[in-house]
Amino acid sequence: MIFAAIAAVVLLFGFVAFTGAPYVPSRRRDLQKAFDELYRLKKTDVLVDIGSGDGVVLREASRRGARAIGYELQPLLVLISRWLSRHDEKVSVRLANFWHTPLPAETTVVYLFGDGRDIAKMVQYLQHETNRLRHDIWLLSYGFEAAGLTLHKTAGAHNLYLLQPQS
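Residue numbers (the numbering used here): -8 to 158.
Right under this line is the structure:
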């Protein structure tokens, strides 16, 4: 019985590793620095965290007044994130593959961790969504630089970019 449970968890995490970035928890201190120095969230902001993991980014964004929406492929992480965020009405966590899920119309900021194999594709997807929504979207990346975008600011491993609609 225990072996079956362990095997199920390994398979779930393994599936996600092949379809998206691996789970790498964000450190609250780094997030606070990014939100203090790069992009100060406002109550009017809607932050989307792609690959939201345990929801630490969502909860920090909510603590700063923004509405926060997480997309996560790993069902166990979705449950953990929902549990940890259960008393916060500004946080929602969706079991979803963002490649097949349009950004909400009110999205103003996207938080994204990625690895080398998907960065260009992610930026292309976000540009497509910016064009579709017809308004600017800020991209706060963790751990990578987005080639082809103009870097506005950097704080540690976080980078800030502005995506604007293109005709």
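All residues carry an ideal CB built from backbone N, CA and C; glycine is no exception.
- As DSSP reads the structure, glycine 56 sits in no beta bridge.
- For the beta strand (DSSP E) assignment, the uninterrupted runs of no fewer than 3 residues enclosed by the stretch 16 to 41 are, from N- to C-terminal side, 37 to 41.
- By the C-beta criterion, the stretch 60 to 71 is judged not to be in contact with the stretch 123 to 139, since fewer than 3 inter-stretch pairs fall below 8 Å.
- If one requires a minimum length of 4 residues, the alpha helix (DSSP H) runs lying completely within the stretch 57 to 90 are 66 to 75, in chain order.
- Taking the CA atoms as reference points, leucine 153 sits about 26 Å from aspartate 45.
- By the 16-neighbour rule on beta-carbons within 10 angstroms, leucine 142 is exposed.
- In terms of Cβ geometry, lysine 33 and glycine 61 do not form a close pair [threshold 8 Å].
- CA-CA distance, valine 100 to arginine 31, rounds to 11 Å.
- Distance check between glutamine 115 and each of Glu28, Asp21 and Gln157 places Gln157 closest, using alpha-carbon atoms only.
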